[in-house]
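The next block holds one structure in the form of structure tokens; read it before the comments.
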Amino acid sequence: MKRSYRLIILSFTVLLLGCQNTAIAPQLQNLLPNLERNVVRVDDFIMKMNWCLVSQNRTAECEVEITSLYQDKKAAIIYPKLQDDKGKEFRMKRKNGSVSGQVMVAKELYTQYLVVENLPTYTKRVRSVVGIFVAWDLRGHKIAEKPIVFSNIPVKLNHERVHAKPTPTNTKHVKPVLTNAKPMPKTTHQTGSLNNSYWHGKINPVVEIEENGGIRLWKNGAYLHFRDDGIAGFNWSEAKNYSYHNFNIWSQNGDSFTLTMSGAIYTFNIENNEGPLIAYLQPGGAFKMMLTRR
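Following the working numbering, the numbering of the sequence shown begins with 5 at its first residue and continues without gaps.
Here it is, written out as structure tokens:
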């Protein structure tokens with residue numbers, strides 16, 4: 005009887021352990037890195053590693069597409085590393101040399117290229133690409149940071165060398181025929197100075213953002229005076245009695261005009277300086293400013 009009782013207890017214990025493992029397994033699976041696909045999702049971002057190629061000159065290149073599904077944000081894959089078929093890791097970099105995040109408009113597809121040079125001769129294939137995905141809102145606040153893994157990455161079908169020079173072709177050089185065409189008249193363009201000019205400026209958010217008193221004030225606009233010492237004066241209600249502060253400044257360089265109000269920077273093209281002039285907040289473009297000459 006005792007032996008039967010022990011068998012019953014042992015069977016019940018095994019049953020409980022089996023139920024616990026069944027319940028825990030899906031939770032653990034959600035915490036594991038993505039080791040099965042070349043597509044990764046982090047928050048509202050979808051990333052797809054389209055292909056990788058190891059060329060004969062010991063250089064590897066990979067193409068990744070990134071899309072922000074719902075909102076304009078800034079994102080980057082930092083510290084990317086290539087893992088080859090021998091399990092060795094090699095630090096990668098962006099092909100364009102950029103190291104900062106990229107502003108991504110919602111639902112737009114952005115393509116980046118990751119490269120690594122001077123690979124060992126035994127590296128023939130990219131097993132996976134790992135890195136850390138970081139995202140910020142347009143105000144610069146970090147909203148996501150997560151390790152990511154791309155695996156089962158397709159090999160690029162075009163097996164040309166990544167940095168191969170274009171194939172020379174036999175072309176016949178034809179000497180250009182000179183004609184007696186009249187030369188185009190030289191044109192010069194000198195933008196007028198904005199010294200001591202008067203404007204009305206409005207700033208509106210271009211993304212969904214919680215409004216505060218400052219945003220509501222700029223939606224209605226302010227009267228501005230660009231003093232000749234580089235200080236920008238403002239008045240919220242009327243075109244006189246301007247307030248001048250050293251942190252509100254303006255500068256002009258040819259057809260480029262930069263206005264900084266309380267640290268917010270807007271750069272305008274002023275080929276037609278009669279306005280209206282439009283510029284977006286730098287960096288990020290979360291706000292749009294419109295200036296109208298008065």
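Ideal placement from N, C-alpha and C gives every residue a C-beta, glycine not left out.
Following the DSSP letters along the chain, one finds LYS206 inside the beta strand (DSSP E) bounded by residues 201 to 209. Contact between ALA236 and TRP254 holds: their C-beta atoms lie close to 5 Å from each other, under 8 Å.
Our two residues, LYS97 and SER241, have alpha carbons roughly 51 Å apart in a direct line.
DSSP places LEU263 in the strand class (E or B) of the three-state scheme. A Cβ-Cβ separation of about 6 Å places VAL138 in contact with ILE82 under the 8 Å criterion. Annotation for ILE219: the continuous alpha helix (DSSP H) segment containing it runs 217 to 224. If you draw a 10 Å sphere on the C-beta of SER72, you find 16 or more other C-beta atoms in it, and that means buried. Beyond the five residues adjoining it in sequence on each side, ILE207 comes within less than 6 Å, by CB distance, of TRP222, PHE291, MET293 in the same chain, given in chain order. Between the alpha carbons of GLY205 and GLY267 lies a distance of about 16 Å.
For HIS229, the beta-bridge partners assigned by DSSP are TYR202, GLY237. Non-local beta-carbon contacts of ALA243 in its own chain, meaning distances under 7 Å to residues more than five positions away in sequence, involve TYR202, TYR227, ARG298 in chain order. Distance from the Cα of LEU86 is smallest, within the candidate group THR115, LYS111, CYS56, for CYS56. With contact defined as three or more Cβ pairs closer than 8 Å, the region 130 to 149 and the region 88 to 96 are in contact. For ASN122, the CB contacts under 7 Å within the same chain, skipping 5 residues up- and downstream, are ARG62 in chain order.
PRO151 carries a strand assignment under DSSP once its states are collapsed to helix, strand and coil. With 16 or more other Cβ atoms from the protein chains shown falling within 10 Å of its own Cβ, ASP88 counts as buried. At the C-beta level, ALA79 and MET108 come within 8 Å of one another. Setting aside the 5 residues that flank it on each side, LYS128 is surrounded in the same chain by VAL58, ASP88, ASP89, each with a C-beta closer than 8 Å to its C-beta; the list follows chain order. Listed in chain order, the non-local C-beta contacts of TRP140 below 8 Å within the same chain comprise LYS77, LYS78, ALA79, GLY105, LYS146, ILE147, local neighbours out to five positions each way being set aside. Listed in chain order, the alpha helix (DSSP H) elements of length 4 or more contained wholly in the region 47 to 135 amount to none. HIS145 sits in coil when the DSSP states are folded into three classes, being neither helix nor strand. Assigned with DSSP and collapsed to three states, ARG298 falls in coil, not helix or strand. Per DSSP, the unbroken beta strand (DSSP E) holding TYR270 starts and ends at 268 to 273.
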